[in-house]
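Numbering (the working numbering), first residue to last: 7 to 291. For each residue, glycine too, the CB sits at the ideal point set by N, CA and C. The model shown is predicted, which means the values in this text are computed figures rather than measured ones. This report concerns only the one structure given below.
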Amino acid sequence: MLRLLVVSLIWAFSFGLIKDGLTGLPSSAVAFIRLTLAMAVFAPFLRLRTLSAADAARLFLTGAVQYGLMYVAYIHAFAYLKAYEVALFTVFTPIYVAVINDLFARRINFTTLVAGILAVAGGGVIEYQQLSSSEMWRGFFLLQGANLCFAFGQIFYRRTMSRLPEPRTDLQVFGLLYVGAMLTAALAACSTDWNTLIITPKQAGILLYLGIVASGIGFFLWNTGARQVGCGTLAVFNNLKIPLGILVSVFFFGEKADWPRLLGGGALMALALAVNTIKIKRRRS
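Okay, structure coming up:
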């Protein structure tokens, strides 16, 4: 649980850093650079000699979806949304975590649908004046794609690692996730004109921090922490970065927010999370 808390604090600053420092750079290029840096950190620890081809493929797929596809969609969403809006619209991730876990377990609980409706209502309260904006909707749906990819990866990684023979450790295989992620981002970055890409020293520093700390170390701590807690706790922590991200974006990066709507919508989102968490706890009891 401590690992999830530490990562939530790290990621709270990522929303503002991306919006404040990286807007204007191609999203696919940013994703490729971040994931290449993350792969470079963990590649020296890879130990694949005793790993079966099937398990290696599952880990490769986990990284390709959870980090590669997720990052391309996530970073592109910043072109249409404010940083705190990106933080807010990740509220759906716990719902996706619960649904995907149910699908793998071949069971569906419709309480999750109620939680999803409440979460959507919360987002509508906060941004109801912009719901007709095509740009807002583009950012919203891009972010939901990213949320689905991230939720899938968390559950798939837990299930894959539970199959591996001991004493296989996360550190020995985690670089393979970044290989899958980096290659996926590389395909998306094929359309980038690298000859005209200009990265300022400030942007280079942000990319180094995001690639090594937020992506590399952060994702490792998050997925390994996800293996140590139940699905209900994991769902709760998937939303902890939201209030932290909003506060950081407003107080550190100078964004403005409509506090009455923000609090009202946040209350509905909190209720959605409570409904989802209660459902999971009852199922486990």
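Hey, out of the options, whose CA is closest to residue i's CA?
i	options	result
Leu214	Ala187, Phe38, Phe226 and Gly151	Phe38
Thr206	Ser14, Leu31, Phe19 and Thr42	Leu31
Ala210	Leu15, Ser14, Thr29 and Leu10	Thr29
Phe156	Ser33, Val219 and Phe98	Phe98
Leu67	Ala35, Leu253, Arg165 and Ser14	Arg165
Ala194	Ala49, Phe48 and His82	His82
Leu240	Ala104, Arg267 and Leu109	Ala104
Asp176	Phe258, Ala46 and Leu54	Leu54
Val145	Tyr86, Val254 and Ala192	Sequence inspection shows Gly at residue 145; the Val mentioned does not correspond to that position. If we check each option's Cα against that of Gly145, Tyr86 comes out closest.
Gln150	Pro50, Pro100 and Leu189	Pro100
Thr190	Ile204, Glu91, Phe19 and Val36	Val36
Gln178	Met45, Val219 and Ala280	Met45
Trp143	Tyr163, Glu91 and Ala192	Glu91
Tyr80	Pro266, Pro50 and Phe147	Phe147
Leu11	Gly224, Trp265, Leu170 and Thr56	Gly224
Gly222	Leu203, Met188 and Cys196	Met188
Ala63	Pro50, Leu170 and Phe84	Leu170
Measuring CB to CB, does residue i end up less than 7 Å from residue j?
i	j	result
Gln234	Gly159	no
Gly69	Gly186	yes
Leu23	Gly181	no
Gly217	Leu43	yes
Tyr77	Asn153	no
Ala111	Phe21	no
Asn107	Ile161	yes
Ser34	Thr198	yes
Gly231	Arg40	no
Leu65	Leu227	no
Val219	Phe19	no
Could you check if residue i is buried or exposed, using at least 16 other CB atoms within 10 Å of its CB as the buried criterion?
i	result
Asp61	buried
Asn229	buried
Leu201	First, the amino acid is wrong: residue 201 is Asn here, not Leu. Label assigned to Asn201: exposed.
Thr96	buried
Lys88	buried
Trp17	buried
Glu141	exposed
Ile212	buried
Lys25	buried
Phe48	buried
Leu109	exposed
Ser58	exposed
Ala273	exposed
Phe257	exposed
Ala280	exposed
Ser168	exposed
Leu137	Any reading at Leu137 is ruled out, since the residue's pLDDT is 47, under 50, leaving its predicted position unreliable.
Which residues does DSSP list as the beta-bridge partners of residue i?
i	result
Leu31	Thr29
- Query: Can you give, in chain order, each stretch of the alpha helix (DSSP H) that sits fully within the segment 195–243 and has at least 4 residues?
  - Reply: 207–215 and 224–232
- Message: Runs of 4 residues minimum, wholly inside the segment 49–118: which ones carry the alpha helix (DSSP H) assignment?
- Response: 59–69, 76–83, 89–94 and 99–110
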